[in-house]
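For reference, the structure is listed below as structure tokens.
2 protein chains.
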Amino acid sequence: MAWKKEQKEQTRQRILESAADLFMLKGFEHVGINEIMTNAKLTRGAFYAHFSSKAELYAESIVTSALAMKDFLNPLHPSAPPFNSLISHYLSSSHMNGTSMRCPLAFLVSDITQQDAQVKAAYTKVFKGFTLYLKQRLEKQDDVEGGNAHSQSLLYAATMIGSLSLARALDDEALALDLLNACQHALES
Amino acid sequence: MAWKKEQKEQTRQRILESAADLFMLKGFEHVGINEIMTNAKLTRGAFYAHFSSKAELYAESIVTSALAMKDFLNPLHPSAPPFNSLISHYLSSSHMNGTSMRCPLAFLVSDITQQDAQVKAAYTKVFKGFTLYLKQRLEKQDDVEGGNAHSQSLLYAATMIGSLSLARALDDEALALDLLNACQHALES
DNA sequence: GTCTATAGAAAGATAGAC
DNA sequence: GTCTATCTTTCTATAGAC
Chain H
41 MAWKKEQKEQ
51 TRQRILESAA
61 DLFMLKGFEH
71 VGINEIMTNA
81 KLTRGAFYAH
91 FSSKAELYAE
101 SIVTSALAMK
111 DFLNPLHPSA
121 PPFNSLISHY
131 LSSSHMNGTS
141 MRCPLAFLVS
151 DITQQDAQVK
161 AAYTKVFKGF
171 TLYLKQRLEK
181 QDDVEGGNAH
191 SQSLLYAATM
201 IGSLSLARAL
211 DDEALALDLL
221 NACQHALES
Chain F
41 MAWKKEQKEQ
51 TRQRILESAA
61 DLFMLKGFEH
71 VGINEIMTNA
81 KLTRGAFYAH
91 FSSKAELYAE
101 SIVTSALAMK
111 DFLNPLHPSA
121 PPFNSLISHY
131 LSSSHMNGTS
141 MRCPLAFLVS
151 DITQQDAQVK
161 AAYTKVFKGF
171 TLYLKQRLEK
181 QDDVEGGNAH
191 SQSLLYAATM
201 IGSLSLARAL
211 DDEALALDLL
221 NACQHALES
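Chains as they are written, first to last, in the working numbering: chain H, 41 to 229; chain F, 41 to 229.
So, in structure tokens, the structure goes:
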């Protein structure tokens, strides 16, 4: 009977990926369970066999989206991309419009403030993972003294996430690109 | 009949301030017209005598909240507060939890991405005002060469707004305060 | 202009057949 | 486990009396 369990897991994963896509593009409130399930080639009624609520699915989707971003930023290729390349990918126009990657930390930041505890916990977990990753990358650079790497990683995260989320909110594309460029040049060493 | 017009304007202003408060604290989707009107000591039905839609009210509320913040940050007192004081007020824990001021740029940033054109236009207008203000303040500092003041103001805005909105989303208060402090120290000259 | 009442639509969650 | 059907609630927006 092991194959049955695996079949269910695959369906669950399909729902999760459908939800992650939609939530990142439209936020929590503008996506319905009906839409998520249709996008996963299922119907409404099957949803609660996999998740207990929309909020639980949202929390898991945030982690799923973060893992997708990690794969994009830090592929398992033999050579990790240089730090400046990480910054420029994160602050690119393709990230701004969501065509390359979709960082949940930036795409959902003020949305999270309105959500329940499990969602905030998932978001905080992803944020800690992101800043730890930045810290490790910064420690490999020669221009950062060890003791300040934690503070530096928080500063980098705030500037990266802040500029990207702002750029997405503005209706003036030239200004949005100015903003991304100004932050990119400031963060590149 | 001038007094009648003034009476209506006062009522409209009361709705606007009720809405600004609620929208900043709970976001667009989690506030209903009923709640806004009750908070303004009126009932649902009177709303559409003042605004044509919830979205229109939202757009105006963003500007109203920005003006309230401006009064808080830049009072008309004879001496303007020093720049470092501006930064530390903006990145304070009382701003994080919304008890002192409520910057719509930070409180609503990812919410705006999902809204219609008039809302994005209002948000962008406020952002331009904010960065212009920062630019003027930076130009008075002696450590910024004139040509870079625009880029510098964008960088400051991204880091301030990014760290504040992030701090509000995290469920780990110690980390949130670390984040605000790291950004404050980096931005203070 | 403000009120009560309600239209009309959408969405989260559940029930029961297969 | 997935389906169709539905319960229940909530919300924007409108109608009509005063």
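We put the CB at the ideal spot given by N, CA and C, even for glycine.
Query	Result
Coil, strand or helix - residue 169 of chain F by DSSP	helix
Selection from H:189, H:42, H:163, H:95 that minimises the alpha carbon distance to residue 145 of chain H	H:163
Minimum Cβ-Cβ distance from residue 245 of chain F to chain H less than 8 angstroms	Absent from the structure is residue 245 of chain F, since the part of chain F shown begins at 41 and ends at 229.
Span separating the alpha-carbon of residue 210 of chain H from that of residue 43 of chain H	49 angstroms
Listed by chain order, chain H residues near residue 160 of chain F by CB distance under 8 angstroms	209, 210, 211
Simplified DSSP assignment, three categories, for residue 139 of chain H	coil
Sufficient close CB pairs (3 or more, under 8 angstroms) joining the region 120 to 134 of chain F to the region 84 to 92 of chain F	no
Between the CA atoms of residue 63 of chain H and residue 153 of chain F - distance to the nearest angstrom	12 angstroms
Own chain, CB closer than 8 angstroms to residue 178 of chain F, minus 5 neighbours either side, in chain order	123, 184, 189, 192, 193, 196
Test: residue 70 of chain F CB closer than 8 angstroms to a CB of chain H	yes
Cα-Cα separation between residue 74 of chain H and residue 127 of chain F, rounded to whole angstroms	45 angstroms
Neighbouring residues, chain F, relative to residue 153 of chain H (Cβ below 7 angstroms)	208, 209
Distance cut-off 7 angstroms: residue 128 of chain F Cβ against heavy atoms of the ligand GTP	The ligand GTP is not part of the structure shown, which contains no ligands of any sort.
Buried versus exposed, by CB contacts within 10 Å (16 or more), residue 93 of chain H	exposed
Under the three-state DSSP convention, the category residue 132 of chain F falls into	coil
Residue 149 of chain H and residue 102 of chain H closer than 8 angstroms at C-beta	no
Between the CA atoms of residue 46 of chain H and residue 99 of chain F - distance to the nearest angstrom	48 angstroms
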